[in-house]
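Enquirer:
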Amino acid sequence: MMNIRKAFRAGSFYPADARSCHRQIEDCLGQYQPPAAPEKVIAGIVPHAGWMFSGPTAAKVYKSVQQKSSPETFLIFGAVHVWGVGRKAAMFAQGAWQTPCGTIEIDEELADTVLAEAGEEVVADPSAHEREHSIEVQIPFIQHLFPDAKILPIMVSPEKLAVRLGEKIGKLLASRDRPVCVIGSTDLTHYGPSFGFITYGIGEQSLAPMKDNDRRLLQLATEMKAEAVLAEAERHRNACGAGAIAATVTAAKALGASQGFLLEHTTSQEVMPDRPVADIVGYAGMIF
């Protein structure tokens with residue numbers, strides 16, 4: 001019997017029916033045209049909030065991939081917000097994921113290869129994915145733009161094993177003929193009373209220093225300094241998915257990338273400026 005992960009956040013983070021999902025994705029894509037560089041996209045960083053906040057930012061990354069590459073599989077490193085991921089990263093290695101847009105298969109052949117090559121850093125653990133949203137909210141974008149693609153979801157904590165895992169996976173992918181796009185899922189600074197982070201005060205005056213807090217981490221990501229990303233996030237609380245960033249950056253470097261290209265950096269406050277300025281979350285889209 002096939003192991004199918006059912007959608008957990010449909011109806012809250014994104015629509016609960018296929019028609020609404022496809023319509024909202026098209027709205028997020030809009031008339032966006034990717035920049036000239038890089039010529040080919042081998043990896044990306046995307047946010048994972050509700051689509052109403054971060055969907056347009058994520059869409060820019062996926063549109064760039066669509067125009068510049070033809071991946072058969074998306075290997076997605078996800079942030080960890082739930083209990084269940086131990087000292088090793090957690091892979092969903094067999095079966096499929098179900099969203100309102102349909103079912104998308106796991107690349108089981110790639111999963112087996114990664115587990116064989118990087119077993120010290122990652123383990124097959126589908127239960128760890130059941131209630132985590134950081135990868136789930138990406139899947140309908142992939143289904144919409146890449147209907148024949150497969151996925152390989154891996155949740156990775158913000159620890160140095162993320163760097164080792166990314167390097168091993170990058171080298172493995174570089175030796176294969178089948179095109180794979182590596183995606184890292186993270187939001188940036190979570191600022192405000194609800195997050196216990198009010199260093200810059202509360203209100204409009206907090207937005208500029210909060211974005212500066214994001215920019216330090218984004219600069220390190222564009223420079224592909226994976227270990228520095230982990231240290232920066234631990235010290236300044238400017239990424240919930242620092243492990244996903246580190247693994248993605250390291251894999252992209254092994255695949256030949258030399259720098260990242262920032263497509264967009266925004267915040268929940270800028271997306272919805274009429275909301276009271278209290279809790280703010282940063283979002284960015286980046287390609288390699």
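Numbering-wise (the UniProt record's numbering), the sequence shown opens with residue 1 and increments by one.
Virtual Cβ for every residue (Gly too), placed ideally from N, Cα, C.
Just so you know, these numbers come straight off a predicted model, no measurement behind them.
1) Quick one, which of A128, A49, E109 and V61 has its alpha-carbon nearest K88's?
2) Using only alpha-carbon positions, find the residue among Q205, P147, M210 and L217 that is nearest to Y62.
3) Excluding sequence positions up to five away, which residues of its chain have a Cβ less than 6 Å from the Cβ of V80?
4) What three-state label does DSSP hand Y62 in the structure shown?
5) Quick one: what does DSSP say residue 305 is sitting in, helix, strand or coil?
6) When burial is assigned at 16 or more other CB atoms within 10 Å of the CB, is M286 buried or exposed?
7) To the nearest angstrom, report how far apart T250 and G203 are at their CA atoms.
8) Can you list, in chain order, the residues of its chain whose CB lies under 7 Å from that of A16, leaving out five sequence neighbours each side?
9) Restricting to Cα atoms, I'd like to know which of C240, K40 and R23 is closest to residue 320.
10) CB-CB under 7 Å to A233, same chain, minus the five flanking residues each way: which ones, in chain order?
11) Looking at C-alpha atoms only, which residue of M91, T267 and H236 is the closest neighbour of K211?
12) Between the stretch 173-191 and the stretch 69-80, do at least 3 Cβ pairs fall closer than 8 Å?
13) Kindly indicate the opening and closing residues of the alpha helix (DSSP H) around I139.
14) Is it the case that the stretch 40-53 contacts the stretch 272-285, given that we only count it when at least three CB pairs across the two stretches are under 8 Å?
15) List the whole-angstrom C-beta distance separating Q98 from R19, where the pair is believed to meet the contact cut-off of C-beta under 8 Å.
16) Mind checking who S206 pairs with in its DSSP beta bridge?
17) Would the stretch 160-177 count as touching the stretch 99-118 if we require 3 or more Cβ pairs under 8 Å?
18) Which residues in the same chain as A124 place their Cβ atom closer than 7 Å to its Cβ, once the five residues preceding and following it in sequence are excluded?
19) What's the call for D214, buried or exposed, on a 16-neighbour Cβ count within 10 Å?
20) Compute the beta-carbon to beta-carbon distance between A221 and G166, rounded to the nearest angstrom, for a pair I have assumed lies under 8 Å.
21) What whole-angstrom Cβ distance do C28 and A59 have, given they're in contact under 8 Å?
22) Please classify residue 366 as buried or exposed, where buried requires at least 16 neighbouring CB atoms within 10 angstroms.
23) What does the Cβ neighbour count give for residue 295, buried or exposed, with the cut at 16 atoms within 10 Å?
24) Shortest alpha-carbon distance to T103 belongs to which of Q67, E132 and N3?
25) With distances taken Cα to Cα, identify the nearest neighbour of S54 among P126, M272 and V277.
26) Residues in the same chain with beta-carbon distance under 6 Å from Q67, minus the five sequence neighbours each way, listed in chain order, please.
27) What would DSSP say about W51, mapped onto helix, strand or coil?
Expert: Result, derived from the coordinates:
1) A128
2) P147
3) M155 and S157
4) helix
5) In the structure as shown, the chain begins at 1 and stops at 288. Residue 305 is therefore absent and cannot be evaluated.
6) buried
7) 37 Å
8) A10 and P100
9) Missing from the structure shown is residue 320; the chain here goes from 1 to 288 and no further.
10) P158, L217, A239 and A242
11) T267
12) yes
13) I139 to L145
14) yes
15) Not a contact, Cβ separation roughly 16 Å.
16) None; S206 has no bridge partner.
17) yes
18) M91, A93 and L115
19) buried
20) Their Cβ separation, rounded to whole angstroms, is 12 Å, which puts A221 and G166 out of contact at 8 Å.
21) 4 Å
22) This structure does not reach residue 366, given that the chain is present from 1 up to 288, and the question cannot be answered.
23) No statement about residue 295 is possible, as the shown extent of the chain runs from 1 to 288 and does not include it.
24) N3
25) M272
26) P34
27) helix
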